[in-house]
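Below: the structure, in structure tokens.
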Amino acid sequence: MKPLALALALIATSALPAFASSDTAKNAAFTLPALPYATDALTPAIDKQTMEIHHGKHHQAYINNLNAEVEKDSKLQGKTLGDIVTSVSKYGPAVRNNAGGHWNHSFFWNIMAPAAKTGTPSPELSKAIDDSFGSMDKFKEAFEKAGAGQFGSGWVWLIVNKNKKLEITATPNQDNPLMNDAKVKGTPIIGNDVWEHAYYLTYQNKRADYLKNWWSVVNWAKVSENYAEAVK
Ligand code: MN
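Take the sequence shown: its letter number 134 is residue 1493 in my numbering, and every next letter is one higher.
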């Protein structure tokens, strides 16, 4: 590989979380990543049964469905999850929904942690949040509002956009801001799942309460790493 091509390949890889570049359909099917904590570790913000069903059933189903699409379509074979997500408009809705579902959930588990182990935002991230939103409280308020305002199922994100600035955006279904046809594009550093399956057992219809309590399990150490990667 020529030096320029190698540099570009490294940049392309570093823009995505580590799991995205290593998880490939080349030789083996996509597989469910293990949770980085026990299923009851996020209580009371997220209950054990929700975690078991969400990770073990919902996430697994996206992976099974994606693998079925890879089996059927040779163009998908050898592609990484990141490759598929960033060129998703080339494929049909089943690939969009299930590759998006696999990427989004893999990301989601990693930006949460038990309340005692969440760490704190880095000074650089704190400053960027203050600069973009006025304060951490104002950022949280705006993020919760975007999550509550996403009609039906979807996700709410904090991204680093092409100007290296923080921006909040919401996406429907299993779409995300890395998708090549996303309305607002960028690198996610926080994402919250606002599908009812993410909160209904504890919160029923009260999505706003889920969004508020969710901050107690946001892994600020990991989010700060995501931020540092994204602004490189
Ligand atoms: Mn989900």
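The beta-carbon is built from N, C-alpha and C at its ideal position, and this holds for glycine as well.
Whole-Å CB distance - residue i paired with residue j, under 8 Å assumed
i: L1394; j: W1468; result: 6 Å
i: L1401; j: V1553; result: That pair is no contact at about 16 Å.
i: Q1408; j: N1456; result: In fact, because the Cβ distance is near 24 Å, the residues do not count as touching under 8 Å.
i: I1549; j: V1519; result: Between V1519 and I1549 the Cβ distance is about 11 Å, and since that is not below 8 Å, they are no contact.
i: N1551; j: G1506; result: 6 Å
i: P1473; j: Y1396; result: 6 Å
i: A1348; j: F1492; result: Because the chain here runs from 1360 to 1591, residue 1348 falls outside it and cannot be looked at.
Contact test: residue i Cβ vs the ligand MN heavy atom, cutoff 6 Å
i: W1554; result: yes
i: H1461; result: no
i: H1417; result: yes
i: A1589; result: no
i: A1557; result: yes
Cβ-based neighbour list, residue i, same chain, cut-off 6 Å, excluding 5 preceding and 5 following
i: A1458; result: L1425, I1443, V1444
i: P1531; result: G1513
i: H1464; result: H1418
i: S1448; result: N1539, D1540
i: L1537; result: V1444, T1445
i: Y1562; result: D1568, Y1569
i: E1411; result: T1398
i: Y1586; result: L1484, I1548
i: F1498; result: I1488, F1492
Sequence-distant residues of its chain with Cβ nearer than 7 Å to residue i (five each side left out)
i: K1571; result: E1503
i: W1579; result: T1477, G1478, T1479, P1480
i: N1386; result: Low confidence applies here, because N1386 scores a pLDDT of 48, under 50, leaving its location unreliable; read the following figure in that light. Nothing listed; no residue qualifies.
i: W1574; result: K1499
Cut-off 8 Å between Cβ atoms - residues of its own chain near residue i, not counting five sequence neighbours on either side
i: S1494; result: I1488
i: K1435; result: Reading off the sequence, residue 1435 comes out as Leu, not Lys. Counting only Cβ-Cβ distances below 8 Å, and skipping sequence neighbours, we find A1384, E1428, V1429, I1443, Y1450, V1454.
Which runs of the alpha helix (DSSP H) at least 4 residues long sit entirely within the stretch 1543-1587? Give them in chain order.
If we require 4 residues or more, the alpha helix (DSSP H) runs fully inside the stretch 1543-1587 come out as 1559-1562, 1566-1573.
Please give me, in chain order, every unbroken run of the alpha helix (DSSP H) with length at least 4 that falls completely inside the stretch 1442-1470.
Segments of the alpha helix (DSSP H) lying fully in the stretch 1442-1470: 1452-1469.
Runs of 3 residues minimum, wholly inside the stretch 1460-1519: which ones carry the beta strand (DSSP E) assignment?
Annotation note: the stretch 1460-1519 contains the following uninterrupted beta strand (DSSP E) runs of length 3 or greater, listed N- to C-terminal: 1513-1519.
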